[in-house]
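Participant: In the order they appear, the protein sequences are chains P, R and Y.
FYI, the numbering for the first sequence is 22 to 527, going by this note's numbering.
FYI, the numbering for the second sequence is 6 to 294, going by this note's numbering.
FYI, the numbering for the third sequence is 1215 to 1543, going by this note's numbering.
Positions of the beta carbon are idealized from the N, C-alpha and C atoms, including for glycine.
Got a structure here, written out as structure tokens. Questions coming.
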Amino acid sequence: MSKRAICLALAVSLLLTLGLSVASAAPLSQGEAYTIVLGDWLSKIADKYLGNPGAWPAIMAATNTKYIEDPTFARIENADLIYPGQKVWVPTAEEAEAFLATYDPGQPGLLFGAGPKGQVVIGSWWTSGGEAAGLSGMFDIYASKYPDVEIVNGAVAGGAGSVFKGVLKTRLIGGTPPDTFQLHAGLEVEGYSPETYLAPLDDLYASEGWEQAFPADLVALLKSYKGHYWGVPVNIHRSNVLWYNKKIFADNGLTPPTNFDEFFAVADALKAKGIIPYVLANNGGWEAPHAFESVLAGVCGAEKYRGLWTGAVAWTDPCVTQALENFKRMVSYANTDYSALTWDAGAGYLIEGKGAMFIMGDWANGEFTKYEFTDYGWASPPATKGIFIALSDSFALPAKAPNKDNALAWLKVCGSKAGQEAFNPKKGSICARTDCDPALFNDYLKSALADWAVDAIVPSVVHGAAAYESWAVDFKNTISLFVTSGDVAATQTALQAACVDAGICQ
Amino acid sequence: MTTQRRKRGREVRWSRVLIYAILTLSAMFYLMPVYVLVATGMKSFAEVSLSRMWDPPSGLHFHSFIRAWFGDPGIFRGLSENFMNSVYLTVPATLISAMLGSINGYILSKWKFRGSEVLFPVLLFGLFIPYQSILIPLVQTLQKMHLYGSIPGLIFVHVVYGIPITTLIFRNYYAAIPTELVEAARIDGANLFGIYRHVLFPLSMPGFVVVMIWQFTSIWNDFLFAVTLIGNPEVQPITVALNNLAGSFVVEWNVQMAGALLAALPTLLVYIFLGRFFMRGLLAGALKG
Amino acid sequence: MRHLNWERAVSVLLLAPSAIAIFIFVYGFIGFTGFVSLSNWKQLLPDFTLVGLRNYQRLFANPRFQIDLRNTVVFTVLFLASSLIIGLLLAVLLDRGIKGEGIFRSIYLFPMAISFIVTGVAWRWLLNPGTAQAGSTGINLLFEKFGLGFLKWGWFTDPTVLYIHPDSGLGQLLQRVGLGALAHPNLGMSVAIISLVIAATWQMSGYTMALYLAGLRSIPEELREAARVDGASEVQILRHVVLPLLQPITLSAVIILGHISLKIYDLVVAMTGSGPGFATDVPAYFMWETTFQANRFNQGASIATVLLLMVAVLVVPYLVYSVRTEAKI
Chain P
22 MSKRAICLAL AVSLLLTLGL SVASAAPLSQ GEAYTIVLGD WLSKIADKYL GNPGAWPAIM
82 AATNTKYIED PTFARIENAD LIYPGQKVWV PTAEEAEAFL ATYDPGQPGL LFGAGPKGQV
142 VIGSWWTSGG EAAGLSGMFD IYASKYPDVE IVNGAVAGGA GSVFKGVLKT RLIGGTPPDT
202 FQLHAGLEVE GYSPETYLAP LDDLYASEGW EQAFPADLVA LLKSYKGHYW GVPVNIHRSN
262 VLWYNKKIFA DNGLTPPTNF DEFFAVADAL KAKGIIPYVL ANNGGWEAPH AFESVLAGVC
322 GAEKYRGLWT GAVAWTDPCV TQALENFKRM VSYANTDYSA LTWDAGAGYL IEGKGAMFIM
382 GDWANGEFTK YEFTDYGWAS PPATKGIFIA LSDSFALPAK APNKDNALAW LKVCGSKAGQ
442 EAFNPKKGSI CARTDCDPAL FNDYLKSALA DWAVDAIVPS VVHGAAAYES WAVDFKNTIS
502 LFVTSGDVAA TQTALQAACV DAGICQ
Chain R
6 MTTQRRKRGR EVRWSRVLIY AILTLSAMFY LMPVYVLVAT GMKSFAEVSL SRMWDPPSGL
66 HFHSFIRAWF GDPGIFRGLS ENFMNSVYLT VPATLISAML GSINGYILSK WKFRGSEVLF
126 PVLLFGLFIP YQSILIPLVQ TLQKMHLYGS IPGLIFVHVV YGIPITTLIF RNYYAAIPTE
186 LVEAARIDGA NLFGIYRHVL FPLSMPGFVV VMIWQFTSIW NDFLFAVTLI GNPEVQPITV
246 ALNNLAGSFV VEWNVQMAGA LLAALPTLLV YIFLGRFFMR GLLAGALKG
Chain Y
1215 MRHLNWERAV SVLLLAPSAI AIFIFVYGFI GFTGFVSLSN WKQLLPDFTL VGLRNYQRLF
1275 ANPRFQIDLR NTVVFTVLFL ASSLIIGLLL AVLLDRGIKG EGIFRSIYLF PMAISFIVTG
1335 VAWRWLLNPG TAQAGSTGIN LLFEKFGLGF LKWGWFTDPT VLYIHPDSGL GQLLQRVGLG
1395 ALAHPNLGMS VAIISLVIAA TWQMSGYTMA LYLAGLRSIP EELREAARVD GASEVQILRH
1455 VVLPLLQPIT LSAVIILGHI SLKIYDLVVA MTGSGPGFAT DVPAYFMWET TFQANRFNQG
1515 ASIATVLLLM VAVLVVPYLV YSVRTEAKI
């Protein structure tokens, strides 16, 4: 052969060798199967193919996932026990990286191909009773649609989320949030620095057509922070309901009061008979402020009430003074052990016939149902006829959710007709959507549904809709103190100061 | 002389009666809450009520205990699934932190070097920090160490925060062991390890008992670290499951009380059966001054 | 005792892991908390711009925090006093060779095994007062059943605060001396806190009893015999011989119980909540709420720092004292 031909052949073979070695050193463009030989271990394979011995969990998970579809692959029970001849699947570098980002040594299930679609961790404080049952109903719907996803119920109990919020916020800051969590619709979301920690859901709303499915007032509430949607609502609760024991009223020939004068007349009549006219609870620190927000709305009216939270109306307004005076008088007719009673114990007083009237949200209805108590009636708290103080539970999406797709799927279930119909009758609330079947709901909820259509909707502050959380906490603390102190002037000053502190009032 | 003795005999008897009376009344005070827990736990749902709390249950119903243990599918988890998590957490953490405390106490009491007198109070101060205030940096640090969300991570945290109390107990305990024993072993040619193995460790039992009982109780009963550092309910210890039994809004008191009793059973058994070793350990000098 | 060089090195090495761990997980985190208390972190997103001592100024001006401080001091004093006294009393009685001592000891000791949460739940039921109209519950109900109905009171629902009223004799006197500020509810005592004290004492007095019993048993009988021979009565022996010897135990019990009482949280959550007019509120409870509900991480950190300083005031003198006494030996 001529010298030139030899040089050419050498050059070609050199190039080929170079090309081949480059190709084998390059990261896999798609995953590939690899058969174990003697002397191999997972971290060595990970080092060789992915350049990172710590990526072995990705190989283990990918192999176990492959095994489900194709049993010729090995099922690796123990990462330290692999045998020559086992076929493993090495994922691409990107797939491995993606897996490692969500890998949690505390969840060994992740290594066993928990379905081709992983997990979804759902955080809330709904741990028992009707709430858990409602949540469970939604889980069933989710499971039927996505059977391969493992649903992890990350609920933590503790009055109105006090424990859960601590855990949640610690985890959000730490970068390991659950996939989704319970959030009140409205301004409560401000405290979560949503631009940093949450994902806006505007696209989801558009694709699911929710702006048409949810009522306009609710949509306005959902968008109230920075004009983005941060959560998907599952329900609407009503805060201003006056529950009363029908037997006590009938025995004393009384009718439910519609304004404050009638309220005090009824209270006087009952007090004379030795019955607790008005049941007050405040063990959780929010039940009394909850009653007060009804009084505030009743005295100030819907427009002014809204204005108090937007800064249009100052808290030094005389309607606030009057509301405080009225509430002070109501407290004088209440049971003295209010600080020992949580809201459900307060409802219990009504059930046992110890007290006549109780202002509490419509979740009290669930309590009555649970105890099979039927002798109750409902009315609007004094002067709030035509006003619907609304709150809504929603689910949000953290920006760093480990299983984002599964979480989005959950959000879709939350906003769907089937999901809401499964959830709300058990929870004791009405659907956020306007197209749920009314026949599924009991008498009280049917009336709430009717009111929702015609009443003036105002946001609840005690339940995260009307104000930032820090302001809501100040409001709750101020009113809790007022229940004991009765100092109208100091309380009103404190309420105004809280508004200034929140940056809403001047 | 005899009249005096007889008089004293009668006085002594009266004072004996008084002593027994006080002790028995005190015992009733201590047992009152147990009665409430047990009686309420054994009542049916309809019977549970604050106004009838002193009434004994209508019968020995164990269904709330069963329900608390096994849970109600779809409504709440039972305690059984998390019981083993607590065991996997508490047993290793107790053993490790006891060993660590023993070694620390040994060095600090018998091998004083320059600065060890200062190091001891410095270590001890860790006993006093409020844990709620360090949750956020703790979570972030554990994240970086890849220990977040797992039982080993929780074991690590409890061992670290157990260092002050275990060191305190062992140091005081070993300080009470006379130096002559150590000197004698020294003369026999034992070194740092030898002295520990042959002199101090054999004498350490009462100290270990006190430390292990104390650590077992506080680790088993811990709620704050358990709920914050582990997010997966499958991995959480029993204290979190117990808290969830309460429910955020709707509370079933009989199930809650039954659950509380079940969750407290291991530590209760430890105290009831090992209580006298605890006393012996205290007598031998642990936890003194 | 001569230490070999390698032994000296190994001693330090063996202590090193603990020292490093405490350095990071205690002092490092305390430093971080202190830093946050000087910052403007008021939302989930950390904001470390420094604002000086403003957080502390606002904190001490906050009426709820003033009440918390008052509650902590009152609770600590009452809890320590009752635990020590009851523990000592039971120990002295048990030391007299009682039949069934083991059973009594187990009964007094077992509450220590229970978590504060369970204790809180049980005592919440026991001390729930009920109402005049609806009927009594809990211990009030027991009082009624045994004809002691006059003893009923509101327990942890009672908002009464005992304080020196500015118009009273003592109040006038204080004002004249320029200490009028002392005649304020925030420097008084809320009666509701007695409920917490009872529950906490129930839980921990077994521990003090065990400590004192061990202490009593370690007092050589010769000392007591000598005093008896000199003609002292049992009570005098207790006062002049026994109690002084128990002092180190009292001191260490005060430290352990003191720090528990300053950090008390679980018991308050499970039993009383904040109470009427924050009568049973404590700094740790306020700290959790302000950090994780109101998102005021800076205020939460400042509460934590204040708590730490309070603990340090209690503990550091003891540590210094114990180091000095050791050095003397």
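How do the segment 1233-1250 of chain Y and the segment 1493-1506 of chain Y stand: do at least 3 beta-carbon pairs fall below 8 Å, yes or no?
Facilitator: no
Participant: On a CA-only basis, which of P:A404, P:Y299, P:N303, P:A312 is nearest M378 of chain P? Give me that one, please.
Facilitator: Counting from one through the first sequence, the residue named residue 378 of chain P turns up at place 357. Per the Cα distances, P:Y299.
Participant: Starting from P1510 of chain Y, trace the beta strand (DSSP E) in both directions and tell me its first and last residue.
Facilitator: By one-based count along the third sequence, residue 1510 of chain Y stands at place 296. At residue 1510 of chain Y the sequence reads Arg, which differs from the Pro that was named. Counting along the chain, no beta strand (DSSP E) covers R1510 of chain Y, and no H or E run does either.
Participant: What three-state label does DSSP hand V482 of chain P in the structure shown?
Facilitator: Counted from its first residue, the first sequence places residue 482 of chain P at position 461. Coil.
Participant: Span of the alpha helix (DSSP H) holding S506 of chain P?
Facilitator: Residue mapping note: residue 506 of chain P aligns to position 485 of the first sequence, counting from 1. Counting along the chain, the alpha helix (DSSP H) containing S506 of chain P begins and ends at 490-506.
Participant: Would you kindly report the start and end of the unbroken beta strand (DSSP E) that includes Y265 of chain P?
Facilitator: Working through the first sequence from its first residue, we reach residue 265 of chain P at position 244. Note, Y265 of chain P: beta strand (DSSP E), 263-266.
Participant: Is it buried or exposed, T1422 of chain Y, if we count other Cβ atoms within 10 angstroms and call 16 or more buried?
Facilitator: For the purposes of this step, residue 1422 of chain Y is identified with residue 208 of the third sequence, where counting begins at 1. By the neighbour-count rule (16 or more Cβ atoms within 10 Å), T1422 of chain Y is buried.
Participant: If you draw a straight line from the alpha carbon of D60 of chain R to that of T1351 of chain Y, how long is it in whole angstroms?
Facilitator: Along the second sequence, one-based indexing puts residue 60 of chain R at 55. Along the third sequence, one-based indexing puts residue 1351 of chain Y at 137. Rounded to whole angstroms, D60 of chain R to T1351 of chain Y spans 11 Å at the Cα level.
Participant: Can you pull the chain Y residues whose beta carbon is under 8 Å from the beta carbon of D358 of chain P, in chain order?
Facilitator: Looking up residue 358 of chain P in the first sequence gives position 337. The contacting residues are N1342, P1343, G1344, T1345, G1368, T1371.
Participant: Can you check DSSP and say which residues form a bridge with A82 of chain P?
Facilitator: Mapped onto the first sequence, residue 82 of chain P falls at position 61. Bridge partners of A82 of chain P: none, in fact.
Participant: Mind checking if Y1322 of chain Y is an interface residue toward chain R, Cβ cutoff 9 Å exclusive?
Facilitator: Residue numbering aside, residue 1322 of chain Y sits at position 108 when the third sequence is read from its first letter. Y1322 of chain Y counts as touching chain R.
Participant: By alpha-carbon positions, which one of R:G46, R:H66, R:H68 ends up nearest to M58 of chain R?
Facilitator: On the second sequence, position 53 is the one that residue 58 of chain R refers to. When only C-alpha atoms are compared, the closest one is R:G46.
Participant: In its own chain, which residues sit with a C-beta less than 6 Å from the C-beta of V173 of chain P, not counting the 5 before and 5 after it?
Facilitator: Along the first sequence, read from residue 1 onward, the residue named residue 173 of chain P stands at position 152. Cβ neighbours of V173 of chain P beyond the five flanking positions: Q140, V142.
Participant: Alpha carbon to alpha carbon, how far is V1527 of chain Y from L129 of chain R?
Facilitator: Along the third sequence, one-based indexing puts residue 1527 of chain Y at 313. Along the second sequence, one-based indexing puts residue 129 of chain R at 124. Their backbone Cα atoms lie some 14 Å apart in a straight line.
Participant: What did DSSP end up calling V215 of chain R once you bin it into helix, strand or coil?
Facilitator: On the second sequence, position 210 is the one that residue 215 of chain R refers to. V215 of chain R: helix per DSSP, three-state reduction.
Participant: For Q233 of chain P, does the count of other Cβ atoms within 10 angstroms reach 16, so buried, or fall short, so exposed?
Facilitator: Here residue 233 of chain P refers to the residue found at position 212 when the first sequence is read from its first residue. Around the beta carbon of Q233 of chain P, fewer than 16 other beta carbons sit within 10 angstroms, so the residue counts as exposed.
Participant: Can you tell me the Cα-Cα spacing of S157 of chain P and L1427 of chain Y, whole angstroms?
Facilitator: As a first step, residue 157 of chain P must be located in the first sequence, where it is residue number 136. As a first step, residue 1427 of chain Y must be located in the third sequence, where it is residue number 213. Distance between the alpha carbons of S157 of chain P and L1427 of chain Y: 54 Å.
Participant: Does the beta-carbon of W1369 of chain Y have 16 or more other beta-carbons within 10 angstroms, so that it is buried, or is it exposed?
Facilitator: To locate residue 1369 of chain Y, count along the third sequence from 1; it is residue 155. Counting Cβ neighbours within 10 Å, W1369 of chain Y comes out buried, since at least 16 surround it.
Participant: Report buried or exposed for S183 of chain P, applying the criterion of at least 16 other Cβ atoms within 10 angstroms of its Cβ.
Facilitator: On the first sequence, residue 183 of chain P is found 162 positions in, with the first residue counted as 1. By the 10 Å Cβ count, S183 of chain P comes out buried.
Participant: So, helix, strand or coil for D238 of chain P, using DSSP?
Facilitator: By 1-based counting over the first sequence, the position of residue 238 of chain P is 217. Residue state, collapsed to three classes: helix.
Participant: Check whether the Cβ of S253 of chain R lies closer than 9 Å to any Cβ atom in chain Y.
Facilitator: The residue given as residue 253 of chain R occupies position 248 in the second sequence. Reliability fails at S253 of chain R, whose pLDDT of 43 lies under 50, so the model's placement of it is uncertain and the value that follows must be treated cautiously. Not flagged as an interface residue toward chain Y: S253 of chain R, since no C-beta distance is shorter than 9 Å.
Participant: Distance, Cα to Cα, V111 of chain P vs V1250 of chain Y?
Facilitator: As a first step, residue 111 of chain P is located in the first sequence; it is residue number 90 there, counting from the start. As a first step, residue 1250 of chain Y is located in the third sequence; it is residue number 36 there, counting from the start. Roughly 45 Å between the two C-alpha positions.
Participant: Take S64 of chain P and list the residues in its own chain whose beta-carbon comes closer than 6 Å to its own, dropping the five residues that flank it on each side.
Facilitator: Within the first sequence, the letter at position 43 stands for residue 64 of chain P. The answer, listed in chain order, is P74, W77.
Participant: For a cutoff of 9 Å on Cβ pairs, would you count A1493 of chain Y as touching chain P?
Facilitator: Here residue 1493 of chain Y refers to the residue found at position 279 of the third sequence. Yes, its Cβ sits closer than 9 Å to a Cβ of chain P.
Participant: Which whole-angstrom value describes the C-beta separation of A1407 of chain Y and F1289 of chain Y, a residue pair presumed to lie in contact below a C-beta threshold of 8 Å?
Facilitator: Within the third sequence, the letter at position 193 stands for residue 1407 of chain Y. Within the third sequence, the letter at position 75 stands for residue 1289 of chain Y. The sequence given here places Ile at residue 1407 of chain Y; Ala does not occur at that position. Indeed they touch by this definition, with Cβ atoms about 5 Å apart.
Participant: Measuring CB to CB, does F1330 of chain Y end up less than 9 Å from N226 of chain R?
Facilitator: Here residue 1330 of chain Y refers to the residue found at position 116 of the third sequence. Here residue 226 of chain R refers to the residue found at position 221 of the second sequence. A contact, by the Cβ cut-off of 9 Å.
Participant: Where A439 of chain P and G230 of chain P are concerned, what is the direct C-alpha to C-alpha distance, given to the nearest angstrom?
Facilitator: Translated into the one-based positions of the first sequence, residue 439 of chain P becomes position 418. Translated into the one-based positions of the first sequence, residue 230 of chain P becomes position 209. Cα-Cα distance, rounded: 15 Å.
Participant: What is the DSSP secondary structure of S1329 of chain Y, counted as helix, strand or coil?
Facilitator: For this step, residue 1329 of chain Y is matched to residue 115 along the third sequence. DSSP places S1329 of chain Y in coil when its eight states are reduced to three.
Participant: Would you identify the three-state DSSP class for Q140 of chain P, choosing helix, strand or coil?
Facilitator: Taking the first sequence and counting its residues from 1, the one referred to as residue 140 of chain P is at position 119. Q140 of chain P carries a strand assignment under DSSP once its states are collapsed to helix, strand and coil.
Participant: For L1294 of chain Y, decide whether its Cβ has a neighbour in chain R, counting only Cβ atoms nearer than 9 Å.
Facilitator: As a first step, residue 1294 of chain Y is located in the third sequence; it is residue number 80 there, counting from the start. Chain R contact via Cβ: absent.
Participant: Three Cβ pairs or more, each shorter than 8 Å: is that satisfied between the segment 352-365 of chain P and the segment 302-312 of chain P?
Facilitator: yes
Participant: For S214 of chain P, return the contacting residues in chain Y, with the cut-off set at a CB-CB distance below 7 Å.
Facilitator: Stepping through the first sequence from its first residue, residue 214 of chain P is reached at position 193. Result: Q1257, L1258, L1259.
Participant: Given a cut-off of 9 Å on the beta-carbon distance, is the pair L4 of chain R and V216 of chain R in contact?
Facilitator: The structure shown does not extend to residue 4 of chain R, since chain R is modelled only from 6 through 294, so no value can be given for it.
Participant: Which residues of the segment 1268-1288 of chain Y have a Cβ closer than 8 Å to any Cβ of chain P? Give them in chain order.
Facilitator: P1277, R1278
Participant: Which runs of the beta strand (DSSP E), 3 residues or longer, sit entirely within the segment 359-415 of chain P?
Facilitator: 376-380, 397-400, 408-412
Participant: Below 8 Å, can you find three or more Cβ-Cβ pairs linking the segment 1450-1458 of chain Y to the segment 1281-1300 of chain Y?
Facilitator: no
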